[in-house]
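Asker: Residue numbers (numbering that gives the first Met the number 0), protein chains in the order written: chain A, 0 to 292; chain B, 0 to 381; chain C, 0 to 333; chain D, 0 to 339.
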Amino acid sequence: MAHYAELTIAPTTWGRFRAWPVGQLFATSYGATVAVLLTVAYVCSRLGWLPVDPNAMDLAAMNQTPDAAHLLGTDFVGRDLLSRIMLGTQAFFLPGLLAIGVSLVFGAIFGVLVGFWPERFATPVGVLLQLLESLPKLVLILLVIALFRPDIYIILLVVGITNIPAAAELLRSKIAVLKRKSYIEAALALGVPTWRVIGKHVLWLHGRGLVLIQATIGMGEAILIETSLSYLGFGVQEPVPSWGNMVGLGKDYFFQGDLWISTAPALAILFTILGFHLMGDALLERLEARNSA
Amino acid sequence: MSTAPATAASRTAATGPILRIQDLRTYFYLPARGRFLKAVDGVSLDVQHGETLAIVGESGSGKSVTMLSLMGLVTAVPGIVDGRMWYRPAPDAKPVDLLEGLGRFAKLKLGPPPEVHKDTLGWHKWHEHGMSERRGRDFAMIFQNPRNALNPYMTIGQQILEAIRRRSPELSAAGAADEAKGWLGKVRIDDPGRRMTDYAHNLSGGMCQRVMIAMALAARPTVLIADEPTTGLDATIQSHILDLMEEMKGELKTTTIVITHDMGVARRLADRIAVMYAGRVVEKGPAETVLELRREPKHPYTTGLLSAIPTAEDIEQRRRLTVIDGDVPDLSRLGTGCQFLERCAVRPAGRERFCEEEPPLGEVGQGQRVRCWRHLRHATEA
Amino acid sequence: MAVPGGIKDRRAVRRERPAASPGRRVARALVRETARTAALLVGVTLAMFLLLARAPGNPAAMYVNVTDLTAEELAAVNHELGLDRSLPVRYVVWVGRMVRGDLGHSLRSGRPVTRELWQTGWRTLLLTGSAMLLTLAFGALTAYLQATRRHPTIAGALGTFAYVISALPVFWLGYLVIYIFTTRLGVFPLMSSGEAATHWGFFLLPVLVLGLGNGTLSEITRHLRAHLEGVLQEDYIRTARAKGAPLLRHLYKDGFVMPLSSVLANKLPYVLGGAIVVEQVFNWAGMGRLVWQAAADRDYPILMGVTLASALIVRAGHAVKEAAQVAANPQLAE
Amino acid sequence: MADGPLLEVRNLKTYFYRRGRWGAVRSHDYVPAVDGVSFELREGETLGIVGESGSGKTTLGRTILGLTPASAGSVRYRGKELVGLPVRELREVRKEVQMIFQDLDAALNPKMTVGQLLSEALTLHRKRDKTEVRGRSEELLDLVKLKPAKLAAYPPELSGGEKRRVSIARVLAVEPKLIIADEPLSALDVSIAAQVANLLRDLQERLGLTYLFISHDLRMVELVAHRVIVMYFGQVVEAAAASRLAHGGAHPYSRLLWSAVDPHGGRRLESGVRWEGERAEAGARPRSGCRFRARCGIFHAKGEPAVCRDPETEPTLTEQGPDHRAACHFPVGSGLSYGL
């Protein structure tokens, strides 16, 4: 028996925010906390504020499950897992932002070109974008790794480039919606110069939401790719910690029953990517709800 | 809950109305504003056999939601919260309440602030079970912008055959196809054979609407509901569609409910007219009395709607239209009292204070009812 | 009225020719798709060639193990392979040889690349294909339950499961599944032994892990649900309900065939990428492990071969999508 | 500048060419949306443009404003040729020529408040400080009978009528002389549409505006317009005073249009004139000679005379009476037709 009652007081802007469906509310706030925690962990690791020296081997406390001294336990040579996990964020944080930046900038350029002047740019840009999408990311990356043995920045730059089509499509479909509602034509007819229509009306007013969506999805993917590569032994090499190679190292112990060494970094991956997926999907839902309304 | 006891149904003559809607209420909850949108707030209507009732009203008057509630197609939450719908399949049959059992799933407390307890899922399962049988057999519907209302992925023929098969499954494939072509011919579509294999995007707006009409009538419904059938079509096409509906009315004598905002359409098709405003019926009666501009008694809103259509003299002298002031009512902020008060130009002299209280839909002449204190004694409800 | 009225009538006029049967429309779409695939493959090979040309080390390494060759032998090999001629000519020769099926020989095993691909390729296709089907099936079921709101509890549970499992790292998920099924339940033999490769269960686990854990499940479910909810609000669905017609018959083309086919085309590359990781976890002798090995040993011919094969698989996904969408939607290939 | 007409359109053509596979223009495959339209518009006058969907009336409006490129012909505003004007100069003209769009949400970006929408329009051509913008915005809202409190509202919160009033206020902010209104009333309810129609006439009298009023709703056009031109498939078939057409125009298409409308009198389709509108509409659309012949009763009744079909003798607008011209070889009421 669902219960509906009218409120006597009109809801404030907080009310308007609270009016979001519960699912989206939880998803966005959880995603935001994950993003904050990740940034804090990254900044701390950059500044060296880690609970324990990540490379110090405490041979007395090998394979320990979480306890007072080591909040997330230790690995098979006694190194503190929590510190290594915080250090592991360096493997994908900045490269991830780089990848997102690349996909946003070029995505915006191609999105505006195809969105505003489809007759001229649709085919040439279309072919280029389809080319970028015609290969699985991991295969392309393995190819680049084999040829150039690049560091993680170049690898995630490649990931950023392959995300350009997705970002361009997100913006192009948004422009198509704005055209169908003839916002753009009305602004031009009023006399607003074309560059300001693109800059303010389209990119600033309507593009902001897309940036956040592309960032959350992009960061989620960057983590997935970096950890997979490190697990395969191509990304960050031992002893430098990456969540991927930490899980890989714990493999043998996993099957002897010491699950914790692999599971701690795996859970870190789980909760982080989960945060980005939930927030990205919730924001996408908000975007689509307003488009159709 | 309305106090209409079950006996009210038996009190009416043996051959009562084919459909009697009593005190229907359909609410939608708006979480952003924390209020109910009272789309239908106590509507009572009845339709006699073979009659065409036109429901006239502007957007937000609740006319479409009333019909969607009748068909059980209301998807918003909480949806139907109160009311009864007595449906009599044949003139002498015993009326059946389509909303029977609503009490078990929905409790409505009217007092300000209104409160609703509803088991939406339970009601949906219970109501859907009953209505899915009647849709396409007892009731059929025609919609606005016909090109979108036809399935773009299925050919015209498949869609009409579906309606025919649902009504008479025993027909052979050839038999059904012939009947489908027959109906296409009846609605004046050229070369029915070839049109069967066409899709909705191959046809013009007018032709799509003819297919819709053929599809609805092919199910031989007892009640045909047309929701703004000609809105959005060009004037000439609109006129052709209205001719066709008049012809079908004469030929098949199907009971029809037409929903429109255009008094012209009501004039062409309706035997009786109900005018709706802010989720309730403000006037209902025979078409002639309702449509006659200078004939009193009449609800000020109906007068306003009629006077919004310019006459030849208005055009001659380029006179300004006599206009209903104010804006369309916000259904989530409806106050008590007469809903038309702030737009009413003919405040009943000496009876203003009555307008603080909502007037009932009182009888003012043979079969005509008006919801305005100018014509009703305050105390009793006729 | 965005498009001037003329268009609608021109379409009616052009309809004099009888509407092409679905079969012919699909054929036309497939021809167009192969042409586009050919054009894209030229693009892919060109990109690979340029990458290769800029790569450190000697291009001859493409064909022969250069480490133990003297200068003259190297010059002779270069001449024989035509590596000393201008870039465009070398590209044409290279592609010419490729078209005839000669992708060179694997530096590690010496066997021709085409045979290597042939032996491992079908396993990866099998794994990726069934995993993709599993993902689409799960997504479609969950989306349908969520969109129609009939069984909110099951829909909620499946939705949460989708989010959690697609956030989990697939390699750790592999460990967990192996650990549970082998050491704990002893159902499947430990995959290290050879004969395990034939045991049917040995195939089921990787498909399950890749199908659910490839990281796209939550996004696919959300996309399908949002699309389905949009379709459920379409006018013609309301007409179908008013007609009392079975909803699924009106819903399945626009609600399922169209989105599922476009998801197949967009997400196949991700699943193929995930296959590389899963094959590594399960020691599954597919193209994924082959390319992993090749990347480690810088085995260029194999890398080129696998890249081409992946591009073909991805384009095959697009071809399936075009065919399905043209067959379903009469307006598409008018 | 009251002597010459404010706007002069001479033989304007706008063709939409379908593009081939690689974007090349296929000159034989085109849609003649506007096919040779000429008319004049004096300052302070309202010219109604009437026609069914597909008659090219909206495209005509967009072509005059330069939103859609014209293929041939000329559009002179105050004697200045607009066709082919570079964008910078076109923006200068846009200060005086504005457009109201059919879609209520068109000019109202949902992310900006009404206040921001008005201030953007106000500061478009002239720098103004905050107080002047605030004051002028409130004046504009008052002009369109909206309360100043609406400045803080976002467009999605407004009702249909309020949205239309805000879009009119936004257009007035640039102090235009000529407003092209494309179906301004069709998205509104009857009572609100009547209010906005009266508002448009008040503004015309108060600000000396000139309107190009495009609509398929003949009743509203008759009320607002001084003169009306009837368009069919890209061409003007009749031009006359609104009241003259209300009593039945000379061109058979005008008569068909007005007879289909059902004002008070319930004047149904004139009996005996069963236009086979449906079949002709989907069938061939002639591109030469009289465009209307496929649906014209007189043409069929007179045994399809060659003069209507022959491209050379295409009917042109000929005088039928004082300020009344029609493009038909057998104009109704001239005794030539069989007296409809």
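Glycine is no exception: its CB is placed at the ideal position from the N, C-alpha and C atoms.
Using C-beta distances below 7 Å, list every residue in its chain close to C/A323, excluding the 5 sequence neighbours before and after it, in chain order.
Answerer: Answer for C/A323: V256 and S260, listed in chain order.
Asker: Relative to the alpha-carbon of D/A241, which residue among D/R254, D/D201 and D/R93 has its alpha-carbon at the smallest distance?
Answerer: D/R254
Asker: Using a C-beta cutoff of 7 Å, does C/Y143 count as contacting chain A?
Answerer: No, its Cβ sits nowhere closer than 7 Å to a Cβ of chain A.
Asker: What is the DSSP secondary structure of B/V369, counted as helix, strand or coil?
Answerer: strand
Asker: From A/F254 to C/V176, what distance separates their C-alpha atoms?
Answerer: 11 Å
Asker: Can you tell me which of the three DSSP states B/P285 falls into?
Answerer: strand
Asker: If the cut is a Cβ gap below 8 Å, which residues of chain G does B/D313 touch?
Answerer: Given the protein chain composition of this structure (A, B, C and D), no chain G is represented.
Asker: The beta strand (DSSP E) that contains D/L46, what's its start and end?
Answerer: T45 to V49
Asker: Hey, quick one: how far does the alpha helix (DSSP H) through D/Y14 stretch, first residue to last?
Answerer: Element bounds for D/Y14: not the alpha helix (DSSP H) but the beta strand (DSSP E), L6 to R18.
Asker: Taking 7 Å as the threshold (beta carbon to beta carbon), is B/F138 in contact with chain A?
Answerer: no
Asker: List the residues that DSSP assigns as beta-bridge partners of B/F35.
Answerer: B/Y28
Asker: Using a C-beta cutoff of 7 Å, does A/M61 count as contacting chain B?
Answerer: no
Asker: Can you give, in chain order, each stretch of the beta strand (DSSP E) that sits fully within the region 217-253 of chain D and has at least 3 residues?
Answerer: Listed in chain order, they are 226-231 and 234-240.
Asker: I'd like to know if C/Y174 contacts chain A, where contact means its C-beta is closer than 7 Å to some C-beta of that chain.
Answerer: yes
Asker: Are the C-beta of A/L269 and some C-beta of chain C separated by less than 7 Å?
Answerer: For A/L269, at least one C-beta of chain C is nearer than 7 Å to its own C-beta.
Asker: Among D/V165, D/R75 and D/L6, whose alpha-carbon lies nearest the alpha-carbon of D/Q115?
Answerer: D/V165
Asker: Return the residue from the list A/E118, A/G217 and A/V157 that minimises the CA-CA distance to A/A166.
Answerer: A/G217
Asker: So, at 6 Å on beta carbons, what are the nonlocal neighbours of D/F291 in its own chain, with the 5 sequence-adjacent residues on each side left out?
Answerer: Y231 and Y252
Asker: At the 7 Å Cβ level, is A/A175 part of the contact set with chain D, yes or no?
Answerer: no
Asker: A/H276 touches chain C at which residues, Cβ-Cβ below 8 Å?
Answerer: Y162, S165, A166, S217 and E218
Asker: Would C/Y178 pass as an interface residue toward chain B - the criterion being a Cβ-Cβ separation below 7 Å?
Answerer: no
Asker: How about B/I17 and B/R103: do their beta carbons lie closer than 7 Å?
Answerer: no
Asker: With distances taken Cα to Cα, identify the nearest neighbour of D/K162 among D/D102, D/I179 and D/L211.
Answerer: When each option's Cα is compared against that of D/K162, the closest is D/D102.
Asker: Residues in the same chain with beta-carbon distance under 7 Å from C/G158, minus the five sequence neighbours each way, listed in chain order, please.
Answerer: Once the five neighbours on either side are set aside, the close Cβ partners of C/G158 are T141, Q145 and T220.
Asker: Assess, as a yes-or-no matter, whether the region 159-176 of chain A is touched by the region 99-110 of chain A under the definition of 3 or more beta carbon pairs within less than 8 Å.
Answerer: Touching, yes.
Asker: Please go through the same chain and pick out, in chain order, the residues whose beta-carbon is closer than 7 Å to the beta-carbon of C/V325, but skip the five residues on each side of it.
Answerer: R24, V25, A28, L331 and A332
Asker: Going by other Cβ atoms of all chains shown within 10 Å of its Cβ, with 16 needed for buried, is A/V124 buried or exposed?
Answerer: buried
Asker: Could you say which of C/A315, C/R240, C/G42 and C/L116 lies nearest to C/V94 if we only look at CA atoms?
Answerer: C/G42
Asker: If distances are taken between C-alpha atoms only, which option among C/D296, C/G287 and C/Y269 comes closest to A/L134?
Answerer: C/Y269
Asker: Quick one: is D/E51 near chain B, going by C-beta distance under 7 Å?
Answerer: yes
Asker: Strictly under 7 Å for the Cβ-Cβ distance: is C/W283 near chain A by that measure?
Answerer: no
Asker: When the cut-off is 7 Å and only beta carbons count, does B/A35 lie next to chain A?
Answerer: The sequence shown places Phe at residue 35 of chain B, not Ala. Interface residue, yes.
Asker: Within 10 Å of its beta-carbon, does D/D28 have 16 or more other beta-carbons around it, so buried, or fewer, so exposed?
Answerer: exposed
Asker: Quick check: what's the CA-CA separation for C/L135 versus B/M130?
Answerer: 33 Å
Asker: For B/I188, which residues of its own chain have a beta-carbon under 8 Å away from its beta-carbon, when the five flanking residues on both sides are left out?
Answerer: So the list reads R194, M206, R209, V210 and A213, once near-sequence residues are dropped.
Asker: So the candidates are C/I301, C/N265 and C/L311; which of them puts its Cα closest to the Cα of C/K320?
Answerer: C/N265
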